[in-house]
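Written out below as structure tokens is the structure these notes cover.
Chains as they are written, first to last, in the numbering used here: chain A, -12 to 85; chain B, 3 to 153.
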């Protein structure tokens, strides 16, 4: 199993981000990734990134600023309407990183 | 928390707009002692910056909530509105969401509520569950849908 680390973002930094974090972990295991997550809100991103080594940012609320790592829109995990597309994108980000 | 609480299930709430819907729904949580008096304004403020509207499969909803310091005890107020009110979309605030239902959450410790958050998310992503909430045509049916899919 490969490992990966995602920073999950929502407005409260706790509710929706925790929901998508659980779904992300569950779905990524099926793709061979053991994903660990940290949840925060947009103002908390800089501090969280200092804690380091995140592979991507999974956003449920909009994150307008760009960072050194890719952002993936995770709303499809919360609504269930495009779960596979979101997971495909996360996998693509990780594969590209190698 | 037991997320299904009949005192917090409201059918046919008549709200003029999203603020009115939030104020009326928060009043149920406040009356039950689940939230502090600061909760409602905190939810309204947060909704402006980080909206909570979502398009689910077949229904538009909103899940207004705010930071734990405004909450006494975890709970969720489940509201089916008489008429839809306009929220903005959580991921893309420029998109309008005409919410028919509110799932208003009072979360005091998210880490302890993971199983409940999972249950709520399972409901959002389960077409049978969504359809039960869409079809609910009176308070009893709304309670039945909540009991079936949020227990």
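All C-beta atoms, glycine included, are put in the ideal place defined by N, C-alpha and C.
query                                                                                                                                                                                            : result
List, in order along the chain, the chain B residues whose C-beta lies closer than 7 Å to that of residue 5 of chain A?                                                                          : 112, 116 and 119
Which residues, taken in chain order from the region 60 to 74 of chain B, show a beta carbon closer than 9 Å to some beta carbon of chain A?                                                     : 65, 67, 68, 69 and 70
Quick one: what's got a C-beta closer than 6 Å to residue 14 of chain B's C-beta in the same chain, skipping five residues either side?                                                          : 84
Specify whether the region 60 to 74 of chain B and the region 94 to 114 of chain B touch according to this definition: at least 3 beta carbon pairs, one from each stretch, less than 8 Å apart. : yes
Going by DSSP in three states, residue 63 of chain A sits in which element: helix, strand or coil?                                                                                               : helix
Measure the CB-CB distance between residue 91 of chain A and residue 61 of chain A and report whether it falls below 7 Å.                                                                        : Outside the shown range of chain A, which is -12 to 85, sits residue 91 of chain A, and nothing can be said about it.
Under 7 Å, CB to CB, which of the residues in the region 5 to 23 of chain A have a partner in chain B?                                                                                           : 5, 6, 9 and 10
Considering Cα atoms alone, identify which of B/114, B/138, B/130 and B/66 is closest to residue 56 of chain B.                                                                                  : B/66
With a CB to CB cut of under 6 Å and the five nearest residues on each side skipped, what residues in its chain are close to residue 151 of chain B?                                             : 125 and 131
With 16 other CB atoms within 10 Å as the buried threshold, where does residue 49 of chain B fall?                                                                                               : buried
Run the CB neighbour count on residue -2 of chain A, radius 10 Å, all protein chains shown included, and call it buried at 16 or more, exposed below.                                            : buried
Which chain B residues sit within Cβ distance under 9 Å of residue 68 of chain A?                                                                                                                : 57, 58, 59 and 127
Leaving out five residues on either side along the sequence, give the residues of the same chain with a beta carbon under 7 Å from the beta carbon of residue 72 of chain A.                     : 63
Counting Cβ pairs closer than 8 Å, one from the region 79 to 99 of chain B and one from the region 136 to 150 of chain B, do we hit at least three?                                              : yes
By the criterion of Cβ-Cβ separation under 7 Å, what are the contact partners of residue 103 of chain B in chain A?                                                                              : What residue 103 of chain B touches in chain A: nothing, since even the nearest Cβ is about 14 Å away.
How is residue 153 of chain B classed by DSSP in three states: helix, strand or coil?                                                                                                            : coil
With 7 Å as the threshold, decide whether the Cβ of residue 62 of chain A is near any Cβ in chain B.                                                                                             : yes
Could you check whether the Cβ of residue 123 of chain B sits closer than 7 Å to any Cβ belonging to chain A?                                                                                    : yes
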